[in-house]
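Contents: one structure, followed by commentary.
Residue numbers (this note's numbering): 2 to 251.
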């Protein structure tokens, strides 16, 4: 819920309305799943009172970076290549009434292939058979790592390489509730990746891991910089690095 502004005046001169949800800045990587935006465009019904649906337009400042496709009151934003773009929504009846989303798109996610000695350096430990589904992940380097500005950390189900979570460097939202719950609490989180000394602490999104499954962690090159793992310079970790674990049974 948000109050954009308030107006006081003649109730017969109701203002045109245009809202978009979500309306926050967007960070993604090329090739990620599209983002769905719900648009609520309304205009006054002077004959019958109240409001009726209004039309709207949407455009991307660089459609080669982010494309925008309209289906009814939903807009699908697809991240196509690295770059920045501003997506602008405009009211059909009052074109000067606009809303916008700034998008920053990083290069496509690539799984690094470097193999490290992970002994005593990760939580859960590599090969852990009874990890908790709501745990935080941690990886400890030889020296303090530095957070980058692009890329992401991803968790995959090992049996079929299905992507189950993406943790980004920017501010995010999280949905608190059990799987299948009809209403969940949406919270803003400043960042799900933190540095404490030599350790990077990673908080997966709520309820992304399931009981009795094996997962592996992949960190893109550039997310954690300037450090090494047991003497090996860190340039990200992927399936080949084998930071994998199995969650305990329910």
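Every residue, glycine too, gets a C-beta built ideally from N, C-alpha and C.
Please return the same chain residues whose Cβ sits closer than 8 Å to the Cβ of residue i, not counting the five positions on each side in sequence.
{"i": "residue 142", "result": "122, 199, 200, 201, 225, 228, 229, 230 and 235"}
{"i": "residue 129", "result": "246 and 247"}
{"i": "residue 46", "result": "52 and 53"}
So, under 8 Å CB-CB, residue i and residue j are touching, yes? Tell me the CB distance rounded to an integer number of Å.
{"i": "residue 75", "j": "residue 39", "result": "6 Å"}
{"i": "residue 85", "j": "residue 71", "result": "Not confirmed; about 22 Å, so no contact."}
{"i": "residue 55", "j": "residue 44", "result": "4 Å"}
{"i": "residue 88", "j": "residue 104", "result": "6 Å"}
{"i": "residue 42", "j": "residue 19", "result": "5 Å"}
{"i": "residue 220", "j": "residue 232", "result": "In fact, because the Cβ distance is near 18 Å, the residues do not count as touching under 8 Å."}
{"i": "residue 151", "j": "residue 239", "result": "At roughly 17 Å, the Cβ-Cβ gap does not stay under 8 Å, so residue 151 and residue 239 are not in contact."}
{"i": "residue 169", "j": "residue 28", "result": "6 Å"}
Please classify residue i as buried or exposed, where buried requires at least 16 other C-beta atoms within 10 Å of its C-beta.
{"i": "residue 117", "result": "buried"}
{"i": "residue 197", "result": "exposed"}
{"i": "residue 222", "result": "buried"}
{"i": "residue 111", "result": "exposed"}
{"i": "residue 138", "result": "buried"}
{"i": "residue 172", "result": "exposed"}
{"i": "residue 48", "result": "exposed"}
{"i": "residue 250", "result": "exposed"}
{"i": "residue 147", "result": "exposed"}
{"i": "residue 192", "result": "exposed"}
{"i": "residue 211", "result": "exposed"}
{"i": "residue 53", "result": "exposed"}
{"i": "residue 107", "result": "buried"}
{"i": "residue 21", "result": "buried"}
{"i": "residue 186", "result": "exposed"}
{"i": "residue 4", "result": "exposed"}
{"i": "residue 102", "result": "buried"}
{"i": "residue 120", "result": "exposed"}
In chain order, what residues of the same chain have a beta carbon less than 7 Å from the beta carbon of residue i, not counting five sequence neighbours either side?
{"i": "residue 35", "result": "77, 78 and 79"}
{"i": "residue 159", "result": "215, 216, 217 and 245"}
{"i": "residue 81", "result": "31, 65, 66, 67 and 68"}
{"i": "residue 204", "result": "137 and 193"}
{"i": "residue 134", "result": "210, 211, 212 and 248"}
Give every residue of the same chain whose Cβ lies closer than 6 Å to the Cβ of residue i, excluding the five residues on either side of it in the sequence, and list them in chain order.
{"i": "residue 208", "result": "180"}
{"i": "residue 175", "result": "188, 190, 206 and 207"}
{"i": "residue 9", "result": "none"}
{"i": "residue 167", "result": "153 and 155"}
{"i": "residue 132", "result": "125, 246 and 248"}
{"i": "residue 165", "result": "156, 158 and 209"}
{"i": "residue 58", "result": "91"}
What first and last residue would you give for the beta strand (DSSP E) that runs through residue i?
{"i": "residue 17", "result": "Run containing residue 17: none; DSSP gives neither H nor E here."}
{"i": "residue 150", "result": "No beta strand (DSSP E) contains residue 150, which DSSP labels as neither H nor E."}
{"i": "residue 291", "result": "It is not possible to answer for residue 291, since the shown part of the chain is limited to 2 through 251."}
{"i": "residue 215", "result": "215 to 220"}
{"i": "residue 52", "result": "52 to 54"}
{"i": "residue 195", "result": "194 to 197"}
{"i": "residue 44", "result": "36 to 45"}
{"i": "residue 27", "result": "27 to 30"}
Residue i: beta carbon under 7 Å from a heavy atom of the ligand FAD?
{"i": "residue 189", "result": "Among the components modelled here there is no ligand, and therefore nothing to report on the ligand FAD."}
Between residue i and chain B, is any beta-carbon pair separated by less than 8 Å?
{"i": "residue 131", "result": "Chain labels in this structure do not include chain B; a single protein chain is all it has."}
Original post:
Is the number of C-beta pairs between the segment 82 to 93 and the segment 207 to 221 that are closer than 8 Å three or more?
Top reply: In short, these stretches do not touch, since the Cβ pair count stays below three.
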